[in-house]
Structures are given as C-alpha cells and as structure tokens.
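Undergrad: Have a look at this one.
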Amino acid sequence: MSNLAQNNIMKLNYKVLVALLMTLGLTGCFNFTTRVERDLYTITERDTITYIEQKNAPGNRDNGVIFPSSRTIESYRDMQQRDSLVQHDYPDFIRLSIFESVGTIGGNNNYSTGSGLFGIFPNYQKLSSSNRGDSSSLFTGGIYRVGSGEWRLRWFRDAKDWTLGTSIFEGIFPDARVENSLVSIFPLYVKKRWYITDKIPYLSVTASVGVGWYPSQYLNLSGSLDLGSMGGLNLRAYLGVAAGVNTKNSYMVRQSPIGTDATTVFAPYAGLGISFLDFHNSVPETYIEWKDHPHSSWDVGILQLSFLYSGTDSSALSSGSGKTLFNGVMIKALNTNISLPFANNNFYFGASLFNLVALGKNEWALGILPLRVGYWVTLLPDELSLDPYIETSFYPSAMYNFAARLNLRLSKFLNGGLIIGYLVSSTNYSLGRDLTDSFGNPGSFSRFYLGFSVGIGDRIFYPENIRYNK
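Be aware that the sequence shown starts at 43, since it is given in my numbering, and climbs by one per residue.
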C-alpha cells in the first residue's frame with residue numbers, strides 16, 4: 043500500500059473517530075441535564091356512612107315511657123389507602139453550550155489567521171491546513187469549543203460556584219500554523235466564578251485551569267469576564283496562556299505543509315468571544331423546577347431549514363436547468379430571539395451563527411452573525427405564532443432580509459411553518475471553491491421568495507413563559 047493511501051486511510055479513521063466521539067458526547071450530555079427528585083405520599087381516605095331508619099307500625103303509637111323508640115341507627119366505616127408519586131425535575135448543570143468561538147490576539151503577526159472579531163469572520167479563500175496566514179490582521183488566531191458542559195464541583199466544604207467541565211472538541215489556534223495549534227477531545231477544566239451581578243444577564247469573573255490530553259497535550263490557564271446568558275447568547279473577554287506539545291505523529295504535525303517534527307507551543311493570548319445556545323444556571327437556579335424557570339427568548343433553536351420558491355430560471359437545489367417547485371434554500375444555525383422589555387415584550391433582538399440563502403444559481407448569500415429585530419405575535423396559545431422581522435449581515439455578504447414566518451408548533455423541539463420575504467444582497471468577499479462550485483459565484487440581486495420551513499431542535503415559547511410576564 044502506498045504512503046498516500048496510508049495517509050488517506052489514517053485521515054479517514056481520525057475523522058470517523060472524532061465524529062463518533064462527538065456524537066456520543068452530544069448524546070451523553072442529555073443524560074446530565076436534569077436531576078429528578080420523587081416524593082412518595084400515602085393518601086388515606088376515611089368515610090363514615092350513617093343510616094337512620096324510623097320503623098313505624100300502622101296506626102298511632104305512643105312511644106313514651108313504656109314503649110321504646112322504633113328508630114334504628116346503623117353506621118358503616120370505610121378506609122382506602124393509595125400511594126402517590128410526585129416527580130420534580132430540576133436542572134443539573136451549571137453550563138451547557140453548543141458552540142463557542144474566540145478571536146485571539148497574541149500569536150505571531152506574520153502568520154495571522156485573519157479570523158476577525160470573535161474568530162468567526164475568516165478569509166474563506168484561504169481556509170485550509172496549508173494556509174500559513176499573513177501579516178495584515180489584528181486577530182492572529184482563535185479558540186473554538188463544541189459541546190461544552192460544566193457541573194457543580196463541591197470542593198472546600200461545598201464552596202459555591204466551583205465547576206468541573208469538558209468539551210467534545212477544543213481547538214486553540216495561536217496563528218495559522220497548524221503545527222502550533224493545540225487540539226483536544228474532552229479536555230478537563232476546573233473553574234471558579236465570582237458573580238458581579240446575580241440577576242439575568244449575569245456578569246461574572248471566571249478563573250479556569252484546563253488540561254488537554256489528545257491529540258495535543260497542554261495546559262490552559264485563563265481568566266474571563268462573562269456576560270450572559272440570555273437565550274443562550276453570551277459574550278466574553280479572555281486573558282490567558284496555553285502551553286503544550288504536539289508529538290511527531292500527531293494529526294497537527296502531519297497536516298503541516300513544512301513537515302516538522304514534534305512541536306512545543308507557548309501561547310499567551312487575549313481575546314473576545316461569543317457563544318451560541320450556551321445556557322447557564324447559578325447554584326440557586328438548580329433548585330428551581332424546570333417548569334418554573336424564567337425564559338428570556340421567544341425562540342431558541344439549533345437549525346431552521348427552509349425550502350423556497352423565488353421564480354428564478356435556475357435552481358440552487360439541482361444541477362439541471364428550468365424552473366422547479368422549490369429552487370432555493372435557507373439554512374439558519376444556532377438561532378435565538380431575545381425578548382425586549384417594552385411594548386408587551388413582543389419586540390425582540392435576534393442573532394444566528396450564520397444564515398445561508400440560495401435562491402438560484404449565482405443568486406445566493408452567506409451572512410456570518412446575522413442580526414435581526416422583529417415582533418413576535420402569538421396567534422393560538424401553544425400552537426401558532428407569527429414572526430415578522432428584518433435581518434441584516436455584513437460579511438461575507440451584505441444582506442438585507444425582510445421576512446415573516448408563520449410557525450406551527452409540532453412538538454417541544456420541532457415546528458413547521460410558512461415563510462415569505464424579500465432579499466437584497468451583494469457579496470464583496472471571496473468565498474472559496476467549496477461554496478462557489480455548489481452555488482456559483484454570488485452576485486448582487488434582489489428577489490421575493492416564499493416557501494415552507496422546518497425548525498429542528500427549535501423551541502418556541504409563549505407569553506406565560508417569558509420572564510418579564512411573570
């Protein structure tokens with residue numbers, strides 16, 4: 043077998059292993075979200091029935107001194123016992139997060155990744171392991187975490203606000219040199235929080251010590267100023283240092299285009315971060331039942347997938363020409379719509395990790411961190427709602443989306459709906475070959491669209507759930 047084939051097999055095995063561990067980790071996290079307490083009661087019901095009967099013979103009778111009364115009294119007593127089980131569900135975590143991204147300063151300026159603010163605005167034309175970066179960017183690197191969780195750690199005689207946590211994946215990239223990155227699956231973190239404000243949204247200072255073990259071995263010491271969580275949206279400012287090694291046979295070293303040996307990494311950093319679907323509980327909140335928890339958002343979800351008709355002559359969903367029923371698609375990931383405390387709390391501010399809209403060949407747009415404002419209307423309690431909104435993004439596409447979505451709640455985390463809108467877009471940044479090969483080169487366009495959508499892992503709340511209404 044050739045060396046190239048062996049390398050391809052090793053890459054495939056590594057990707058399969060990582061995908062399997064991430065899947066198992068995400069599945070396992072759901073087993074640690076809820077603490078169940080059960081109260082067993084014995085219910086006793088006692089009942090007494092009294093029958094009073096007056097037995098009078100025909101004619102008049104003087105039941106005086108000589109004759110006894112003819113009335114009879116009979117009593118029956120009954121007792122029934124049964125067990126009653128009352129179940130209480132409480133949150134059993136301090137933090138659960140889907141995705142966190144940090145744009146960092148401190149790496150070698152000659153090899154800057156150019157990932158931008160929060161680390162989520164990369165140069166798509168240069169996204170590859172062979173990219174060595176450039177010297178034109180302030181943010182030289184980034185830190186990325188997927189599937190993070192923290193649970194209460196009862197150290198120092200149950201001192202509060204200590205946590206033990208991990209992530210399915212953590213990557214610390216001081217700059218664009220892949221051999222200098224530090225990557226681990228399920229790193230271990232111990233954290234201590236000091237709350238500046240104990241009201242939502244929380245503001246706290248956090249100190250953490252983390253250890254990564256595979257495929258890199260490293261130590262990460264950091265402090266952060268954390269603001270959140272509202273609808274799973276959080277902002278952070280970081281200051282820290284990571285130090286570790288990558289062995290000669292590690293994945294990062296093998297991916298290096300310069301073929302290095304084992305590398306030693308020492309990376310002080312400062313950065314600004316954002317996290318999506320990142321939910322926090324203070325210790326007192328872990329003693330509040332799920333049904334009584336306050337919520338800050340009208341809608342929080344993992345994915346919204348919409349199939350669209352826009353009247354274009356080409357389809358973004360097929361390679362053939364001609365009109366089809368649905369010729370476009372819209373994909374929004376990690377969405378939240380945070381209720382604003384005025385005008386009956388129906389106005390909201392929303393954000394997503396990205397919004398990909400393809401209405402036809404060469405008519406598509408990609409927005410990273412799109413922001414929106416809208417007005418949430420509940421039409422039928424627990425079932426139907428209307429969501430008109432305006433959404434905009436500036437990178438890599440300058441996009442303005444005027445839309446309205448009719449939502450039908452199918453289950454707690456699944457809903458369907460109809461969507462109609464008008465999209466104006468222009469793309470001034472290169473997006474790389476992966477996207478352009480699929481959808482063509484994005485151009486400037488404006489077009490109406492309509493279609494149906496599905497919200498997956500998408501939870502809709504109602505007026506009685508919003509904390510401002512409690």
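Here a beta-carbon is modelled for each residue, glycine too, at the ideal position from N, C-alpha and C.
Quick one: is N470 buried, meaning 16 or more other Cβ sit within 10 Å of its Cβ, or exposed?
TA: N470 should be labelled exposed.
Undergrad: Would DSSP call F436 helix, strand or coil?
TA: coil
Undergrad: Over the uninterrupted alpha helix (DSSP H) stretch that includes V295, give me the two end residues.
TA: Y293 to Q297
Undergrad: I need the straight-line Cα distance from T354 to G493, nearest angstrom please.
TA: 14 Å
Undergrad: Is L263 near A279, with beta carbons less than 8 Å apart?
TA: no
Undergrad: In the DSSP assignment, what are the bridge partners of P133?
TA: T76
Undergrad: Check whether the stretch 282 to 295 and the stretch 320 to 331 are in contact - that is, three or more C-beta pairs closer than 8 Å.
TA: no
Undergrad: Given a threshold of 16 other Cβ atoms within 10 Å of its Cβ, counted over all protein chains shown, does I140 qualify as buried or as exposed?
TA: buried
Undergrad: With a threshold of 7 Å on Cβ separation, who are the neighbours of G482 within its own chain once the five nearest residues in sequence on each side are excluded?
TA: Closer than 7 Å at the Cβ level, and outside the excluded window around G482, lie K403 and N404.
Undergrad: Quick one: measure Cβ to Cβ for A375 and F349, integer angstroms, because I've assumed they're closer than 8 Å.
TA: Wrong, their Cβ atoms sit about 16 Å apart, outside the cutoff.
Undergrad: State the CB to CB distance for the pair E192 and I136, rounded to an integer number of angstroms; the pair is presumed to be in contact (CB under 8 Å).
TA: 5 Å
Undergrad: Which residues in the same chain have their Cβ closer than 7 Å to the Cβ of I508, if we skip the five residues on either side of it in sequence?
TA: Correct list, in chain order: H337, S381 and N387.
Undergrad: Among K233, S179 and S172, which one has its Cα closest to the Cα of D203?
TA: K233
Undergrad: Closest to V295 by CA distance: which of G274, W255, V251 and S223 is it?
TA: S223
Undergrad: Within its chain, find whatever has a CB closer than 7 Å to the CB of Y153; leave out the 5 residues flanking it on each side and keep chain order.
TA: R174, G175, D217, A218 and R219
Undergrad: Per DSSP, what kind of secondary structure is K333 in: helix, strand or coil?
TA: helix
Undergrad: From the DSSP output, in three-state form, read off T366 for me.
TA: coil
Undergrad: Decide if K512 is buried, meaning its Cβ has at least 16 other Cβ atoms within 10 Å, or exposed.
TA: exposed
Undergrad: Going straight from the alpha carbon of Q81 to that of S324, what length do you get?
TA: It should be noted that the sequence gives Asp, not Gln, for residue 81. Answer to the nearest angstrom: the Cα atoms are 24 Å apart.
Undergrad: Would you mind working out which of L401, E79, M441 and F455 sits nearest L345, comparing C-alpha positions?
TA: F455
Undergrad: Measuring CB to CB, does E212 end up less than 8 Å from G265?
TA: It is not a contact, given that the beta carbons lie outside the stated cut-off.
Undergrad: Would you say D134 and R77 are within 8 Å of each other, going by their C-beta atoms?
TA: yes
Undergrad: Just to confirm the assignment, what range does the beta strand (DSSP E) spanning W197 have?
TA: W197 -> not in any beta strand (DSSP E); alpha helix (DSSP H) instead, spanning W197 to D200.
Undergrad: For L138, tell me which candidate among L428, A201, R194 and Y417 has the shortest Cα-Cα distance.
TA: Ranking L428, A201, R194 and Y417 by CA distance to the CA of L138 puts R194 first.
Undergrad: Go ahead and pull the three-state DSSP assignment for G402.
TA: strand
Undergrad: Would you report the Cα separation of Q96 and S117, rounded to the nearest angstrom?
TA: 15 Å
Undergrad: Among G149, N165 and Q259, which one has its Cα closest to the Cα of A312?
TA: G149
Undergrad: Looking at the structure shown, is T289 part of a helix, part of a strand, or coil, going by DSSP?
TA: coil
Undergrad: Determine the extent of the beta strand (DSSP E) in which W340 is found, giving its start and end residues.
TA: S339 to Y351
Undergrad: Only counting runs of 4 or more residues, tell me where the alpha helix (DSSP H) segments fall wholly within the stretch 468 to 498, in order along the chain.
TA: Whole alpha helix (DSSP H) segments, 4+ residues: 475 to 481.
Undergrad: With H, G and I counted as helix, E and B as strand and the rest as coil, what does DSSP make of R174?
TA: Of the three classes helix, strand and coil, the one that applies to R174 here is coil, per DSSP.
Undergrad: Consult DSSP for L359 and reduce its assignment to one of helix, strand or coil.
TA: coil
Undergrad: Compute every distance between the C-beta of G158 and the non-hydrogen atoms of the ligand ADP, then say whether any falls below 7 Å.
TA: Among the ligands in the structure shown, none appear at all, so the ligand ADP cannot be discussed.
Undergrad: Distance, Cα to Cα, F391 vs G274?
TA: 13 Å
Undergrad: Determine the burial state of L473: buried for a count of at least 16 other Cβ atoms within 10 Å of its Cβ, exposed for fewer.
TA: buried
Undergrad: Name the DSSP beta bridge partners of I410, please?
TA: F396
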